[in-house]
């Protein structure tokens, strides 16, 4: 339990309205988007300035109080859950877009800016910030940096780290440090911006973010391809990528999701399709036409039973809404859903899908999956019930097999969600031990008292 | 102080409670969250709080009730939820269980339990309050009049329109037949609602006149009462809600259609079956009653099927630019979106312009705006910004509650826009 003096000191820093201690409020900051984990903080702090964050960290560091930084809590790794109690430092009240520079093609924002709000503001200027985790309606920019988030647009445009130019970070001792800058090129020393990108709140608190932007693509076309066979769908993705055309997005939806979505929101989807690919071509209108034709040809040659081109923006939007509703369809399907986030090299996608089929047969668990086929990032899910001890253990073991199958193909443990709490148990197998040790040493230098999001990424010694 | 742990009403909506998978998309849509940016504001946070109550982690405390009340029930979260989780259902149910455990607090207990169910007394108190209003509060600009949240709204600095000198119930007869030469096509009951009755009686007269001229016999039962929304939706006082529901069901026993000019009333009347049916008899009676209830624009377009030529501009709106504000209770609770637009677009001599975010909550939400007036104002300011961006002369709606909020907030923001009910556009 936190000493009452700490709470009154926090109130002095942020004002009373910035400190929540009622049990009802603590409950509301005890979870993220995952099903398995919850833990109450002792206090929630909602700062509005960098200076306040600096003072909060100084206080926490002197008193060795854990600080878990949280944006909107839309993450799906357990990363923002205050597993050791202490302070939840929530950045949602720092939501100012500080600068949009049309000539330098950059923007600077506070960490609590919501990704969708950011892109709405940019679109008014004809600009675009592509990293698009599917939580874009809720997630904050600070969170997307801390998780190095990405989404469907990654195929063509990459993930968060490809857009970051500069950060302001408050260190554990309260020092406000600036790294990087506002230039597209910057070769000054180590890439310290990258050190904090994907650090999951364990190295510092990000308080200001400068990103580069691109012009909003003038046109886009959305295609939907139906496959009888999921392996053939995976092969089609590899064929497209090998052909020289780069679609903006290539997404994969399986039969389970198609049926669930049609059930929730009827929109005339082909419910007998074993696999659907959703693709988008974007750019200038002429290029979009030729790219679309090329993609459609390859899809058909790769065995697509049917290829539809969305006739207008409304139809395209309906398809993408279906995709973004995909995980709701999956998460609502069972009491406990174990969802993985593995990524494999893109040319190994068909092979990985085959292996998923084998694992399903061997373990007896139905394996549902959807994901970003264009970047080899799939989210295989297993439906189980955490209340049934034996079944849950077997489901976790099956997940282990999925992860190892990805690894054996040269894949990685997490494509975009991060490790947080969910994937800690696999980390040792997924990393070079020296690299893992290096991470711990970096953490030790930046946060010697281990106050910043303790208990995350790697399993604690003796745990 | 914690009350006894019973979850009778919440349990009825357990599937809604379970449906949420914590994605947090509701944060983007919630008008309250957008102002406060704290998790307890939004559907996800409230839902998890209620789950915490069921799990025994939380109790029916004052803090719990305060967070439950901080919701306009605008349903925008549900409309945009990937899992279609109806958290407002759970919130209303939890308000009811909280009331069972803790009781209704003063002065709301007096209002809900004692005054609302007694229409004549209610009217007299409103009139009594209106005298004080004249004494203590500045008269508002223009010709607007209102006040039903009189007890609490007093003294909060709101631009409060005045109480009508004569209430609608004192003006219109019970039976109103079409004028000579007009064939009677159907007979409907008119649910007048508190706002129209006490604050906007000329709107009620106008509606009766419009309907009768278009071949509708209009019955205005004197026995009808408040729809109950402030009691059962706002405060979770289901007992009073049932008392009012039974009164209204009985009052409208002998008509096939019931029309209402208030989106909140319309939706609440239809909600009796969902929230208040505690016996099989009530369930059946409330369901049958609910099916008869129509919003006025929906009635004109879908039931009466008036030709476009029936919609002629009232003299004072000719040549004006008009925009439409979707009341939450109309657009999301009842799915009525096209009918009012169709009516406005049919009127020659007025120009229709769609406002951005026309369906965003205005922040009124009845008792919500009484408990949280400052927050309610912030939500309203965003609406005013939308209205202002259209350059419209008139903003039209179909909910006297919304209209009061729009009157207050356009005056506060010095936006020279007239606020009208859709029926006032029509001659």
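Chains as they are written, first to last, in the numbering used here: chain A, 1 to 463; chain B, 1001 to 1427.
Yeah, the Cβ is synthetic: ideal placement off N, Cα and C, and Gly gets one too.
A quick note: this is a predicted structure, and the numbers were derived from the prediction, not measured.
**Prompt:** How about the region 442 to 449 of chain A and the region 1040 to 1060 of chain B: do they share at least three Cβ pairs that are nearer than 8 Å?
**Reply:** no
**Prompt:** Any chance the region 260 to 268 of chain A sits against the region 328 to 344 of chain A, with 3 or more Cβ pairs inside 8 Å?
**Reply:** yes
**Prompt:** Based on the DSSP output, what are the partners of residue 372(A) in its beta bridges?
**Reply:** In DSSP, residue 372(A) forms a bridge with 377(A).
**Item:** 7 Å Cβ cutoff, residue 132(A) in contact with chain B
**Value:** no
**CB-CB length for residue 1204(B) against residue 1197(B), believed under 8 Å** = 7 Å
**Request:** Note the first and the last residue of the continuous alpha helix (DSSP H) segment covering residue 264(A).
**Result:** 255 to 264
**Prompt:** Cβ of residue 1017(B) versus every heavy atom of the ligand PLP: is any distance shorter than 6 Å?
**Reply:** Here there are no bound small molecules, and the ligand PLP is not part of this structure.
**Asked** When DSSP builds the beta bridges, which residues end up paired with residue 275(A)?
**Response** 227(A) and 254(A)
**Request:** Alpha carbon to alpha carbon, how far is residue 152(A) from residue 2(A)? Give it in angstroms, no decimals.
**Result:** 42 Å
**Request:** Could you check which residue in 195(A), 212(A) and 290(A) has the C-alpha nearest to that of residue 162(A)?
**Result:** Ranking 195(A), 212(A) and 290(A) by Cα distance to residue 162(A) puts 212(A) first.
**Message:** What does the alpha-carbon distance come out to for the pair residue 428(A) and residue 335(A)?
**Reply:** Roughly 29 Å between the two C-alpha positions.
**Prompt:** Within 10 angstroms of its Cβ, does residue 190(A) collect 16 or more other Cβ (buried), or is it exposed?
**Reply:** exposed
**Prompt:** Taking the alpha-carbon positions, what's the residue 1032(B) to residue 1314(B) distance?
**Reply:** 37 Å
**Item:** C-beta neighbour in chain B for residue 29(A), strict 7 Å
**Value:** yes
**First and last residue of the uninterrupted alpha helix (DSSP H) at residue 37(A)** = Here residue 37(A) belongs to no alpha helix (DSSP H), and DSSP marks it neither H nor E.
**Asked** chain A beta carbons: is any one of them nearer than 7 Å to that of residue 1023(B)?
**Response** yes
**Message:** Quick check on DSSP: helix, strand or coil for residue 237(A)?
**Reply:** helix
**Message:** Could you tell me the alpha carbon to alpha carbon distance between residue 1098(B) and residue 1065(B), rounded to whole angstroms?
**Reply:** 7 Å
**Asked** Taking residue 1319(B) as the reference, which of 1303(B), 1353(B), 1230(B) and 1410(B) has the closest Cα?
**Response** Nearest C-alpha to residue 1319(B): 1353(B).
**Item:** Environment of residue 1142(B) [buried if 16+ CB atoms lie within 10 Å]
**Value:** Confidence at residue 1142(B) is low in this model, with a pLDDT of 30, below 50, so its placement is unreliable and the value that follows should be read with caution. Exposed, since its Cβ has fewer than 16 Cβ neighbours within 10 Å.
**Message:** So residue 1067(B) contacts chain A; which residues on that side make the cut at Cβ distance below 9 Å?
**Reply:** 22, 24, 25 and 28
**Request:** Using three-state DSSP, classify residue 439(A) as helix, strand or coil.
**Result:** helix
**Request:** Tell me, please, whether the CB atom of residue 1039(B) is closer than 7 Å to any CB atom in chain A?
**Result:** Contact of residue 1039(B) with chain A is assigned, a C-beta pair being separated by under 7 Å.
**Message:** Is there a Cβ of chain B sitting closer than 7 Å to that of residue 328(A), yes or no?
**Reply:** yes
**Item:** residue 337(A) and residue 403(A) closer than 7 Å at C-beta
**Value:** no
**Request:** Identify every residue that forms a DSSP beta bridge with residue 1351(B).
**Result:** 1321(B)
**Same chain, Cβ closer than 6 Å to residue 353(A), neighbours up to 5 away in sequence not counted** = Listed in chain order, the non-local C-beta contacts of residue 353(A) below 6 Å within the same chain comprise 230, 231 and 234, local neighbours out to five positions each way being set aside.
**Runs of alpha helix (DSSP H) wholly within the region 1221 to 1258 of chain B (minimum 4 residues, chain order)** = 1238 to 1251
**Prompt:** Ends of the beta strand (DSSP E) at residue 166(A)?
**Reply:** That run of the beta strand (DSSP E) goes 164 to 170.
**Prompt:** Can you find a C-beta in chain B that's less than 7 Å from the C-beta of residue 269(A)?
**Reply:** no
**Request:** Return the residue from the list 1007(B), 1068(B), 1015(B) and 1096(B) that minimises the CA-CA distance to residue 1056(B).
**Result:** 1007(B)
**Request:** Please list the partners that residue 1083(B) has in chain A, where partner means a Cβ-to-Cβ separation under 9 Å.
**Result:** 264, 325, 328, 329, 331 and 332
**Request:** Check each candidate in 170(A), 192(A), 173(A) and 95(A) and name the one with the smallest Cα separation from residue 179(A).
**Result:** 192(A)
**Request:** Just the C-alpha distance for residue 1193(B) and residue 37(A), rounded to the nearest angstrom, thanks.
**Result:** 48 Å
**Prompt:** Hey, out of 1183(B), 1178(B), 1202(B) and 1182(B), whose CA is closest to residue 1169(B)'s CA?
**Reply:** Closest by alpha carbon: 1202(B).
**Message:** Let's see if you can read the secondary structure: which residues bound the beta strand (DSSP E) around residue 1397(B)?
**Reply:** 1394 to 1397
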